[in-house]
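S.K.: Each residue of the sequence shown is one higher than the one before, starting from 33 at the first, in this note's numbering. Ideal Cβ positions, reconstructed from N, Cα and C, are used throughout, including at glycine. These figures come from a predicted structure and were not determined experimentally. Provided herewith is a single structure, encoded as structure tokens, for subsequent inquiry.
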Amino acid sequence: MKNIIFIALPAAGKGTQSKMLVDKYDFIHISTGDLLRNAINANTELSLKIAETINKGNLVPDEIINNLLVNKLKEIKNKRFILDGYPRNLSQAHYLEKILADNYWVINLKIDYQQAIDRIINRRICPKCNRVYNLSINALKPKKDNICDICQHELVARKDDNLEVVKKRIANTIENIQELLDYYQKNGKLKTINGNDDYNKIFYKIEKLLEE
Ligand SMILES: [Zn+2]
């Protein structure tokens, strides 16, 4: 069974599919965001450097992220993993290819610009139990309007999910991921799955892919 790299717009469903893969097949979910957060919390010299870079709104250099990834892969030994947020550019993609050789699939959960925006601005979270809902996706709507199914608390939108910020974030991501998609298209590793399908159907397609 191969490792999986997700490349998709925010809210395309990476989180849901990752969780299903972790639960059913014991994949380890590795996200760049988590790697950086852990590195910051480790309170080393590197922590400070990373925190400063992020606070200034700059991107953490590839070299640092590559090292964090390699250390994580050593830690999980031979377990299968899902990469989320890595690679973020061609340089990282080349680096990854040296590590993984042929042993991965790249899955693009495809939704378009407008769909990504609709999904993000319709995302609601329960402040009490942290469960995430989505008013634009039938399977993820709360049973009662704006009320958490589990604890009956009123749902809220996330602060950074306002329209202007979201639009900018999506436009940037589209630009960034296109060269990666082109690259993986050329090397034959890219599999595109319609992100508008029901999440069980998407999962079924991913399972089929894992059998190859
Ligand atoms: Zn709740």
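1) Taking a cut-off of 7 Å, which residues have a beta-carbon closer than that to any heavy atom of ligand 1, in chain order?
2) State yes or no: is the C-beta of I39 within less than 8 Å of the C-beta of V198?
3) Quick one: give me the first and last residue of the alpha helix (DSSP H) that A71 is part of.
4) Could you give the distance in angstroms between the alpha-carbon of D229 and the alpha-carbon of F235?
5) On a Cα-Cα basis, can you pick out the residue from A43, K51, K218 that is closest to I238?
6) Spatial neighbours of I157 within its chain, please: C-beta separation below 8 Å, excluding the five flanking residues on both sides.
7) Does the distance from the CB of N35 to the CB of N135 come in under 8 Å?
8) Could you pull out every residue in the same chain whose Cβ sits closer than 8 Å to the Cβ of Y231, ignoring the five residues on either side in sequence?
9) Around the Cβ of L67, are there at least 16 other Cβ atoms within 10 angstroms (buried) or fewer (exposed)?
10) Give me whichever residues DSSP pairs with N166 in a beta bridge.
11) Less than 8 Å separating the beta-carbons of Y215 and A125?
12) Please give me, in chain order, every unbroken run of the alpha helix (DSSP H) with length at least 4 that falls completely inside the stretch 193–228.
13) Taking the runs of the alpha helix (DSSP H) that are 4 residues or longer, which of them lie wholly in the stretch 53–138?
14) For N99, which option in L128, T85, K111 has the closest C-alpha, if you only look at C-alpha atoms?
15) Suppose you measure from the CA of D144 to the CA of K200; what does that come to, to the nearest Å?
16) For D192, count the other beta carbons within 10 Å of its own beta carbon; 16 or more makes it buried, fewer makes it exposed. Which is it?
17) Look at the Cβ atom of K218, then the Cβ atom of C183, and state whether they are nearer than 8 Å.
18) Going by Cα to Cα distance, which pick from E196, I114, L78, I131 is closest to S63?
M.R.: Working from what's here:
1) C158, K160, C161, R163, C180, I182, C183, H185
2) no
3) 64–73
4) 10 Å
5) K51
6) R163, V164, Y165, L187, V188, A189, R190
7) yes
8) G45, T48, Q49, M52, A171
9) buried
10) R155
11) yes
12) 195–218
13) 64–73, 77–87, 94–107, 122–132
14) L128
15) 14 Å
16) exposed
17) no
18) I114
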